[in-house]
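Below is one structure, written out as structure tokens, with a few remarks after it.
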Amino acid sequence: MDPLTQILNLAHLKSSVYCRSELGSPWGLHFAPRSCAVFHVLHRGTGFFRLEGQTEWSPLQQGDLLLLPNGQEHTIVETPTTQPLRNLELDQWGECALMRWSETPSAVLLCGTFNFEFLNATSLFQYLPSVIHIPYSTESPLNRILELMADEAEAQRPAKEVVLRRLADILFVQIIQRWVQIQGKPDRGWLSAFHDPFIGKALELIHSQPQQNWTVASLARSVACSRSAFAARFSALIGEPPLEYLTRWRMQIASRLLTEDPTLRIGEIAARVGYRSEAAFSKAFKRLLGAAPSAYRSTAEQTTD
Numbered sequence: 002m003d004p005l006t007q008i009l010n011l012a013h014l015k016s017s018v019y020c021r022s023e024l025g026s027p028w029g030l031h032f033a034p035r036s037c038a039v040f041h042v043l044h045r046g047t048g049f050f051r052l053e054g055q056t057e058w059s060p061l062q063q064g065d066l067l068l069l070p071n072g073q074e075h076t077i078v079e080t081p082t083t084q085p086l087r088n089l090e091l092d093q094w095g096e097c098a099l100m101r102w103s104e105t106p107s108a109v110l111l112c113g114t115f116n117f118e119f120l121n122a123t124s125l126f127q128y129l130p131s132v133i134h135i136p137y138s139t140e141s142p143l144n145r146i147l148e149l150m151a152d153e154a155e156a157q158r159p160a161k162e163v164v165l166r167r168l169a170d171i172l173f174v175q176i177i178q179r180w181v182q183i184q185g186k187p188d189r190g191w192l193s194a195f196h197d198p199f200i201g202k203a204l205e206l207i208h209s210q211p212q213q214n215w216t217v218a219s220l221a222r223s224v225a226c227s228r229s230a231f232a233a234r235f236s237a238l239i240g241e242p243p244l245e246y247l248t249r250w251r252m253q254i255a256s257r258l259l260t261e262d263p264t265l266r267i268g269e270i271a272a273r274v275g276y277r278s279e280a281a282f283s284k285a286f287k288r289l290l291g292a293a294p295s296a297y298r299s300t301a302e303q304t305t306d
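Mapping of the sequence shown onto our numbering: residues 2 to 306, in sequence order.
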């Protein structure tokens, strides 16, 4: 199993919001910052978008998709001179909303959010770009998922929110999959780490064997690289030292185990992610997630109830 698949397997969707906006010319929407991922699809019409703080507008064609992994403040408008409605909050529109801003719409914008479990510990989101722009393609499998979501949103069927949440989970994975395909094999940045002969193999070892007593030296030996060269290359591609990444990955797995299996003792979870000392595990867990393992589990149980 490749490292990206392992990361996505842990990024379970907790909740989502989906809405369809029918917009009349001239139209413009300004979205407040969010603590979750946000996506938009310009289902009909053309427009422009930019992140808050940018001066240049980027064009949007019909069918284009945007993903903002960290929910940055942003604006989407018909033309750069359009004055947008300010500080829109997708949550206020409900889990599955149809917003008709005009009886004669010139554009249709599909909007949604992805709110994932274990986001504080995941290694995926912090390495994604601030915005992923995927141009429309007639052959893209994204189209089928978006059509299913649009159909389900407009229908009056029981459990539609559950269906939309499952489809949103697939949509997110396919967005990342398509983005990786578009990127190809870059020679620098986070994606290049997966293709790197040394760091890619090290990531596979970390992800598949988190219980091992890894050190920088043992990882370097396992991939046939000198310790100093390995450490420098890992930090350059991933953006953090090998052992910091290892700890983050271990806590990602631990947070999942804490909430999915209440019968597992803290000590057992610590051992599964490479800690012989429960105290050392708890200290590392609290440092990254802001709560002790037992408190994290209790909070998750209360949220689920």
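Glycine is no exception: its CB is placed at the ideal position from the N, C-alpha and C atoms.
For my contact list, residue i and residue j are in at a C-beta cut-off of 8 Å; report their separation, rounded to the angstrom.
i           : j           : result
residue 232 : residue 217 : 5 Å
residue 37  : residue 72  : 5 Å
residue 107 : residue 172 : Not really, about 25 Å apart at Cβ, beyond 8 Å.
residue 298 : residue 260 : 7 Å
residue 18  : residue 113 : 6 Å
residue 137 : residue 64  : 3 Å
residue 42  : residue 66  : 5 Å
residue 211 : residue 291 : The Cβ separation is near 21 Å, so there is no contact.
residue 267 : residue 294 : 5 Å
residue 9   : residue 177 : 7 Å
residue 224 : residue 195 : Not a contact, Cβ separation roughly 14 Å.
residue 105 : residue 27  : 13 Å between Cβ atoms; not a contact.
residue 282 : residue 271 : 4 Å
residue 258 : residue 273 : 7 Å
residue 75  : residue 57  : Contact doesn't hold; Cβ gap of about 13 Å is too wide.
residue 203 : residue 192 : Incorrect: roughly 15 Å between the Cβ atoms, too far for contact.
residue 46  : residue 109 : 7 Å
residue 208 : residue 62  : Actually they do not touch by this definition, with Cβ atoms about 37 Å apart.
residue 5   : residue 163 : The pair is not a contact, with the Cβ atoms about 27 Å apart (cut-off 8 Å).
Nearest chain B C-beta to residue i closer than 8 Å, yes or no?
i           : result
residue 258 : Of the protein chains in the structure, only one exists, and it is not chain B.
Sort out for me which residues DSSP pairs residue i with in a bridge.
i           : result
residue 17  : 115
residue 78  : 29 and 49
residue 5   : The partner list for residue 5 (beta bridge, DSSP) is empty, contrary to what the question assumes.
residue 110 : 22 and 43
residue 86  : 30
residue 101 : 23
Could you say which of the options lies nearest to residue i if we only look at CA atoms?
i           : options               : result
residue 213 : 251, 226 and 87       : 251
residue 1   : 109, 62, 44 and 87    : With the chain running from 2 to 306 in the structure shown, residue 1 is simply not present.
residue 307 : 230, 22 and 205       : With the chain running from 2 to 306 in the structure shown, residue 307 is simply not present.
residue 197 : 34, 183, 235 and 209  : 235
residue 29  : 50, 18 and 11         : 50
residue 143 : 169, 3, 292 and 259   : 169
residue 78  : 31, 101 and 148       : 31
residue 48  : 55, 59 and 54         : 59
residue 165 : 151, 178 and 177      : 151
residue 103 : 193, 302, 22 and 55   : 22
residue 244 : 285, 258 and 264      : 285
residue 15  : 141, 86, 269 and 115  : 115
residue 127 : 240, 271 and 264      : 240
residue 133 : 179, 54 and 273       : 179
residue 33  : 61, 7 and 85          : 85
residue 69  : 12, 55, 183 and 129   : 129
residue 111 : 215, 264, 131 and 147 : 147
residue 35  : 117, 5 and 80         : 117
residue 287 : 265, 264, 263 and 256 : 256
residue 263 : 183, 215, 300 and 230 : 300
residue 141 : 131, 101, 183 and 11  : 183
Could you give the first and the last residue of the continuous alpha helix (DSSP H) run that contains residue i?
i           : result
residue 290 : 279-290
Practice task
List in chain order: all unbroken beta strand (DSSP E) runs of 3+ residues lying wholly within the segment 23-71.
Solution key: 29-32, 38-45, 48-52, 59-61 and 66-69
Exercise for the section: With a floor of 4 residues, list each alpha helix (DSSP H) that falls wholly inside the segment 216-270, ordered by position along the chain. Expected result: 217-223, 228-239 and 243-261
Exercise for the section: Would you mind listing the beta strand (DSSP E) stretches within the segment 132-205 that are 3+ residues and don't spill past its ends, in chain order? Expected result: 133-135
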